[in-house]
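Take a look at the structure below.
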Amino acid sequence: MNLFDIIGPVMIGPSSSHTAGAARLGKLARNIFGEEFNKADITLYNSFSKTGKGHGTDKAIVAGILGMEPDDENIKNAFELVKKSGIEVNFNYQDSNREVHPNTAMIKLYEKEKSMSITGCSLGGGRVMIQDIDGFKTEFTGEFNTIISIQRDKPGIVAYVASYLAQKNINIAQMKLSRKSKGDTALMIIETDEIPPESLKTDLENNEGIYKIVLSII
Amino acid sequence: MSLFTMKQIIEAAEEKGVKISTVAMEMESKESGLSIDEIKKRMTNNYDIMKNAVSHGINQVIPSVSGLTGGEGFRLWQGKDKGLSGDTILKASSRAMAVSNVNASMGRVVAAPTAGSCGIIPGVLITIGERLGKSEDEIVDALITTAVVGKVIAQNATVAGSEGGCQAECGAASAMAAAAAVELSGGTPSQAGHAAAIALKGVMGLICDPVAGLVEVPCIKRNSFGAAQAILAADMAMSGIESVIPVDEVIKAMGDVGHAMPEELKETAMGGIAASETAKKLEKKLLKNRDEHN
Chain A
125 MNLFDIIGPV
135 MIGPSSSHTA
145 GAARLGKLAR
155 NIFGEEFNKA
165 DITLYNSFSK
175 TGKGHGTDKA
185 IVAGILGMEP
195 DDENIKNAFE
205 LVKKSGIEVN
215 FNYQDSNREV
225 HPNTAMIKLY
235 EKEKSMSITG
245 CSLGGGRVMI
255 QDIDGFKTEF
265 TGEFNTIISI
275 QRDKPGIVAY
285 VASYLAQKNI
295 NIAQMKLSRK
305 SKGDTALMII
315 ETDEIPPESL
325 KTDLENNEGI
335 YKIVLSII
Chain B
18 MSLFTMKQII
28 EAAEEKGVKI
38 STVAMEMESK
48 ESGLSIDEIK
58 KRMTNNYDIM
68 KNAVSHGINQ
78 VIPSVSGLTG
88 GEGFRLWQGK
98 DKGLSGDTIL
108 KASSRAMAVS
118 NVNASMGRVV
128 AAPTAGSCGI
138 IPGVLITIGE
148 RLGKSEDEIV
158 DALITTAVVG
168 KVIAQNATVA
178 GSEGGCQAEC
188 GAASAMAAAA
198 AVELSGGTPS
208 QAGHAAAIAL
218 KGVMGLICDP
228 VAGLVEVPCI
238 KRNSFGAAQA
248 ILAADMAMSG
258 IESVIPVDEV
268 IKAMGDVGHA
278 MPEELKETAM
288 GGIAASETAK
298 KLEKKLLKNR
308 DEHN
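Sequence order for the protein chains is A and B.
Its first residue numbered 125, the first sequence is counted upward by one per residue in our numbering.
Its first residue numbered 18, the second sequence is counted upward by one per residue in our numbering.
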């Protein structure tokens, strides 16, 4: 903890969890989707749903998917700005769902036939956790550059990705691997200190055991 | 070297004959690798944002997003010349509420230590700095003192309403501001510690009961009380009044009280005034507005 965690962060009010954290979730969803989109379906759960209007949670998430940071004074104008951009936004409210964290949002972004659903929660103090991407359980904060690999559960894939990163001189800060069942689809999350190169996505997807690479760059 | 208690920080400052903020900056520089100049520069930037929020909120009625509140800081500022509390307390309290109003209207603030308590420290520091004719540099130093007191509270208790109630947010902010007010007044580090302890004792046990779960009622007015109390605590310490219980023990007690508080009284909007008949009606009305807009 440093002094600027106490006197800070600079943020748009009124709530670090319900406004600043919500903006961060939106921004992360945008980064993870990684390309333009023309529609967003946003589901707010529990406290996000019940108190979100008064906290500007809805505006903050929309501001985030438009690329704004939690201290952007345009957050309060997010609805007007998204209207101008032509992106269609729909909200759903789930006032009580005991299966998810009190401050949870599911953000589904669409472009033509393509879509991706990203679920995350706000942990307080503006910090967030991405918990699910298209049905895969994840657990990362977006505070690091993050590589998400959806891959086959078979020997050699982890080594392939790790050696690729080593070649590019990218240090792994944290790494997590999970799978639905043995030999099935697996999900790997790698947080790195350095920014991965743009070519990483196509390079890694060339391996037939890797179905999809998603990048979130800070 | 990390210092984890107020006692360690106060002793380090008194041994060297320097302010708490000097010790805090040296500590931060060693831990983060930032130079003292960079730390000051970043904190000056935070102070500028605080000043902007104050002037924005003090000069006009800014309604909150929910419409439940707005203009509290502006109104008290307008009435300060006839007020009973005296110029300094009224100015600090108005400014504290003005920042809270900006926060509730989706304006830009500095969490200090949280968004819910973001008015207290700017309210006190700007007012005391103005009253004593302090330079911006001295006020930024005092802001660094608030940060290190807050860090000790966060490490040894909590500054989250969901963990410790309002005493952990507005209470902590008040204690942080009290210590800084002593520093600005030329008091010793030890007196700053007493002021923090006295302020925190004043709100020991205060619950977090936000109406409809929003950072507005009673939060905005509690920012005003936090500021007033910080100034009074600083005056007590400057008059030689000491806290019988050492500041670190008061901080620990605040944390323990927070843990003992039922969940209903910690930001869940299920207890205190948030559970009152009127609060429940307001909550329903806000939900109805939400659904009608969709």
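Each residue gets a CB set at the ideal place from its N, CA and C atoms; glycine is no exception.
Exercise. Is residue 310(A) helix, strand or coil by DSSP?
Worked result: strand
Exercise. Which residues in the same chain as residue 134(A) place their Cβ atom closer than 7 Å to its Cβ, once the five residues preceding and following it in sequence are excluded?
Worked result: 195
For this session: Provide the residue span of the alpha helix (DSSP H) that contains residue 305(B), from first to last.
Result: 294-309
Exercise. Can you tell me the Cα-Cα spacing of residue 18(B) and residue 187(A), whole angstroms?
Worked result: Note on residue 18(B): pLDDT 46, under 50, position unreliable in the model; no value is reported.
Problem set entry | For residue 229(A) and residue 164(A), the rounded distance between their alpha carbons | 12 Å
Problem set entry | Residue burial classification, residue 242(B) (beta-carbon count within 10 angstroms, cutoff 16) | buried
Exercise. Got a sec? Which residues, its chain only, sit under 6 Å from residue 208(B) by beta carbon, not counting five neighbours each side?
Worked result: 199 and 254
Exercise. In the structure shown, what three-state DSSP assignment does residue 222(A) receive?
Worked result: coil
Exercise. When we look at the beta-carbon of residue 246(B) and count the other beta-carbons within 10 Å, is it buried (16 or more) or exposed?
Worked result: buried
Exercise. Relative to the alpha-carbon of residue 294(A), which residue among 279(A), 138(A) and 285(A) has its alpha-carbon at the smallest distance?
Worked result: 285(A)
Exercise. Do residue 213(B) and residue 264(B) come within 7 Å of each other at the CB atom, strictly closer than that value?
Worked result: yes
Problem set entry | Assumed close pair residue 147(A), residue 199(A) - CB separation to whole angstroms, cut-off 8 Å | 6 Å
Exercise. Would DSSP call residue 259(B) helix, strand or coil?
Worked result: coil
Exercise. For residue 271(A), which option in 318(A), 174(A), 278(A) and 136(A) has the closest C-alpha, if you only look at C-alpha atoms?
Worked result: 318(A)
Exercise. Pick from 197(A), 323(A), 236(A) and 264(A): whose alpha carbon is nearest that of residue 212(A)?
Worked result: 236(A)
Exercise. By a C-beta neighbour count over all protein chains shown, 10 Å radius and 16 as the cutoff for buried, is residue 211(B) buried or exposed?
Worked result: buried
Exercise. Cα separation between residue 58(B) and residue 133(B)?
Worked result: 25 Å
Problem set entry | Supposed contact pair residue 138(B) and residue 193(B) - C-beta distance, whole angstroms, cut 8 Å | 6 Å
Problem set entry | DSSP-derived helix/strand/coil call for residue 270(A) | strand
For this session: Evaluate the contact criterion for the region 155-174 of chain B versus the region 218-230 of chain B: three or more CB pairs, one atom per stretch, below 8 Å.
Result: no
For this session: Please confirm if residue 208(A) has its CB atom under 7 Å from at least one CB of chain B.
Result: no
Problem set entry | C-alpha distance - residue 28(B) paired with residue 49(B), whole-angstrom precision | 22 Å
For this session: Could you check which residue in 161(B), 130(B), 203(B) and 195(B) has the C-alpha nearest to that of residue 183(B)?
Result: 130(B)
For this session: Output the distance between the C-alpha atoms of residue 300(A) and residue 261(A), rounded to the nearest integer angstrom.
Result: 11 Å
Exercise. At least one CB of chain A closer than 7 Å to the CB of residue 130(B): is that the case?
Worked result: yes
Problem set entry | Three-state class that DSSP yields for residue 198(A) in the structure shown | helix
For this session: Taking 7 Å as the cut-off, decide whether the C-beta atoms of residue 71(B) and residue 112(B) are in contact.
Result: yes
For this session: Using DSSP bridges, identify the partner residues of residue 241(A).
Result: 232(A)
For this session: Check residue 298(A) in the structure and name its three-state DSSP category.
Result: strand
Exercise. Tell me the DSSP bridge mates of residue 252(A)?
Worked result: 246(A)
For this session: Classify residue 20(B) as helix, strand or coil using the three-state DSSP reduction.
Result: coil
Exercise. Under a three-way DSSP split, which group does residue 340(A) fall into?
Worked result: strand
Problem set entry | Rounded C-alpha distance that separates residue 277(B) from residue 267(B) | 15 Å
Exercise. What are the partner residues of residue 257(A), as DSSP defines its beta bridges?
Worked result: 242(A) and 260(A)
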